[in-house]
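Student: Counting from 1, position 127 in the sequence shown corresponds to residue 126 in numbering that gives the first Met the number 0; the numbering is continuous, with no gaps. Virtual Cβ for every residue (Gly too), placed ideally from N, Cα, C. Have a look at the structure that comes next, please.
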Amino acid sequence: MAAQEGRREEDRAAPRELLGKPLAAEVTRGVRAALKGWDFAPHLVSVLASDDEASRVYVHSKARQAERLGVRFSVRDLGPKATQQALHAALRDLSEDPGVHGTVLELPLAPGLDADAALLCVAPRKDVEGLTPANLALIAAGREAEALLPPTPRSVRFLLRQVLGDDLRGVRVAVIGPGRTVGRPLTFMLNNRGVTVTLCNEHTRDLAGVLAPQDAVVVAVGHPGLLGPEHVHARHVVIDAGINVPEGGEGVVGDALPGLPVHAQTPVPGGVGPLTSALMYQNLVRAVRLQRGEAVE
C-alpha cells in the first residue's frame with residue numbers, strides 16, 4: 000500500500016524538465032579538446048535552398064556555435080528559386096573541395112526540389128547531418144560504428160538514456176513523425192539498441208490509444224501543439240524534436256504543448272536543440288578524421 004501511494008505521489012509530482020544543455024556542454028568539451036590538437040580550423044558549410052524559417056533558425060544556431068568553437072562556418076544560400084541543377088552543382092563543388100570538411104543540406108528544400116537526388120551529391124564522409132543514403136544504409140544495417148549518425152536522433156537517444164537508463168533494451172518508444180531528418184533514422188537507431196519502436200504520424204488514428212502502453216514518446220512532425228495532455232500518461236517521457244516558428248517570427252515552439260502531465264519532458268527551446276548542435280560538431284571532428292584516413296571509434 001505504501002509503495003502504491005508513493006507511485007501515485009510520483010505521478011502527481013511536477014514533470015522533470017529534461018534539458019539538453021548539460022549534455023551539450025560535456026560533448027562540446029570533447030570537441031574543443033579534439034580541435035586543439037589540430038593546426039587548422041575545419042570548414043563547415045550550410046546550403047540553403049528554401050525560404051523555410053525553421054531552417055534559418057538552425058543555421059543561425061550553427062553559426063553561433065562555430066564561432067565559439069573556432070570552426071570556420073559558411074552559408075551557401077541558393078534562395079527559394081534555385082533549380083535542381085544549381086543545387087546539385089553547389090553540393091558537388093563542396094564535396095570535391097578539399098578546403099571544406101563538412102556539408103549540411105538544410106531541409107526542407109523549396110517546393111519542386113528533390114532532396115533525395117540532392118543528397119546523392121553530398122560526399123558521405125562530409126555528411127555531418129548523417130542523411131546521405133550511404134550513412135542511412137549503414138545505420139539500417141546496424142553498422143553505426145562505420146557511419147556519421149544524424150545528430151538529432153542521437154540527441155533523442157542521449158536524452159532518453161538520461162531518464163530510462165543506459166540499457167534501453169525492451170523499452171517501448173513511440174516515434175511520431177517518419178521524417179528523413181529525425182523519425183526514420185531514429186527508428187533504426189533505437190532498434191539497434193533493442194528498443195521496441197512504434198512509428199506513428201500526424202494522421203495516426205486513436206493516437207492516445209497507441210501511446211498508452213509506451214514508456215516514451217518522441218514527436219518530430221513540425222506541427223505545433225500536436226501532442227497534448229489528452230495523449231499522454233504520467234509515466235511517459237516526452238522528447239520534443241519539433242521546431243516551429245510562430246507567426247511573427249518570435250522564438251520557436253515544439254510539437255508538444257509545454258508542461259504536459261508526464262514524468263519528464265524536453266522544453267523547446269532548450270531540450271533537443273543544444274545537444275543536437277554539439278553532436279553535429281562532434282560529427283565534424285569524426286568527418287575530418289575519416290577524410291584523413293584516421294582510425295575512428
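Could you tell me the boundaries of the beta strand (DSSP E) in which Ile242 lies?
Tutor: Element bounds for Ile242: n/a, residue is neither H nor E.
Student: Please classify Lys80 as buried or exposed, where buried requires at least 16 neighbouring CB atoms within 10 angstroms.
Tutor: Burial call: exposed.
Student: Roughly how many angstroms lie between the CA atoms of Val209 and His100, to the nearest whole one?
Tutor: If I take the Cα positions, the gap works out to 43 angstroms.
Student: Which class does Ala219 belong to by DSSP, given the choice of helix, strand or coil?
Tutor: Reduced to three states, the DSSP call for Ala219 is coil.
Student: Would you check if the distance between the CB atom of Gly141 and the CB atom of Asn191 is smaller than 7 angstroms?
Tutor: Their beta carbons are under 7 angstroms apart, which means Gly141 touches Asn191 by this criterion.
Student: State the DSSP-derived secondary structure class of Arg156, mapped to helix, strand or coil.
Tutor: Note: Arg156 maps to helix in three-state DSSP.
Student: To the nearest angstrom, how far is it from the Cα of Lys20 to the Cα of Pro245?
Tutor: If I take the Cα positions, the gap works out to 23 angstroms.
Student: Jot down the residue ranges of each uninterrupted alpha helix (DSSP H) in the region 125 to 206, minimum 4 residues, whole runs only, in chain order.
Tutor: Segments of the alpha helix (DSSP H) lying fully in the region 125 to 206: 132 to 139, 150 to 163 and 182 to 190.
Student: On the three-state DSSP scale, how would you describe Ser49?
Tutor: If DSSP states are grouped into helix, strand and coil, Ser49 belongs with coil.
Student: Measure how close the beta-carbons of Ala23 and Ser276 come, nearest whole angstrom, since I'm counting them as under 8 angstroms.
Tutor: With a Cβ gap of about 7 angstroms, Ala23 and Ser276 count as contacting.
Student: For Gly253 versus Gly241, is the C-beta spacing smaller than 7 angstroms?
Tutor: A contact, by the Cβ cut-off of 7 angstroms.
Student: With DSSP as the reference, identify every bridge partner of Pro264, one or two as the case may be.
Tutor: In the sequence as presented, Pro is not what sits at residue 264; that position holds Gln. Partner(s): Glu16 and Val237.
Student: Could you tell me if Phe72 is buried or exposed, where buried requires 16 or more neighbouring beta carbons within 10 angstroms of its beta carbon?
Tutor: Under this definition Phe72 is a buried residue.
Student: Out of curiosity, what's the CA-to-CA distance linking Arg204 and Leu163?
Tutor: Cα to Cα, the separation comes out at about 27 angstroms.
Student: Using 8 angstroms as the threshold, is the region 60 to 70 in touch with the region 126 to 142, meaning 3 or more CB pairs across them?
Tutor: No: the two stretches stay apart, fewer than three of their Cβ pairs being nearer than 8 angstroms.
Student: Would you list the one or two residues that DSSP bridges to Thr102?
Tutor: The partner list for Thr102 (beta bridge, DSSP) reads Val44 and Asp126.
Student: Determine the burial state of Glu9: buried for a count of at least 16 other Cβ atoms within 10 Å of its Cβ, exposed for fewer.
Tutor: Unreliable positioning characterises Glu9 in this predicted model, as indicated by a pLDDT of 47, which lies under 50. A coordinate reading is not provided.
Student: With DSSP as the reference, label Asp76 as helix, strand or coil.
Tutor: DSSP places Asp76 in strand when its eight states are reduced to three.
Student: Rounded to whole angstroms, what's the CA-CA distance from Thr131 to Val155? Just pull it up for me.
Tutor: If I take the Cα positions, the gap works out to 20 angstroms.
Student: Hey, would you say Gly224 sits closer than 7 angstroms to Leu256, going by beta carbons?
Tutor: Against a cut-off of 7 angstroms, the Cβ pair of Leu256 and Gly224 comes out as a contact.
Student: Please state the DSSP three-state secondary structure of Val255.
Tutor: Strictly speaking, residue 255 in this sequence is Ala, with Val absent from that position. Here Ala255 sits in strand by DSSP.
Student: For Thr143, which of Thr151, Pro150 and Asn134 has the nearest alpha-carbon?
Tutor: Inspection of the sequence shows that residue 143 is occupied by Glu rather than by Thr. Among Thr151, Pro150 and Asn134, the Cα nearest to that of Glu143 is on Asn134.
Student: Out of Ala85, Asp166 and His235, point me to the one whose CA is closest to Ala109's CA.
Tutor: Among Ala85, Asp166 and His235, the Cα nearest to that of Ala109 belongs to Ala85.
Student: At which residues does the alpha helix (DSSP H) containing Val287 begin and terminate?
Tutor: Val287 -> alpha helix (DSSP H) spans Val271 to Gln290.
Student: What do you reckon, are the CB atoms on Val267 and Asp239 nearer than 7 angstroms?
Tutor: Yes, these two residues count as a Cβ contact at 7 angstroms.
Student: Give the DSSP-derived three-state secondary structure of Leu86 in the structure shown.
Tutor: Note: Leu86 maps to helix in three-state DSSP.
Student: In the DSSP assignment, find the unbroken alpha helix (DSSP H) run with Asp115 in it and report its ends.
Tutor: Unbroken alpha helix (DSSP H) run through Asp115: Ala114 to Leu118.
Student: Rounded to the nearest angstrom, how far is the Cβ of Ala89 from that of Val46, given a contact under 8 angstroms?
Tutor: With 8 angstroms as the limit, Ala89 and Val46 qualify as a contact, their Cβ atoms being about 6 angstroms apart.
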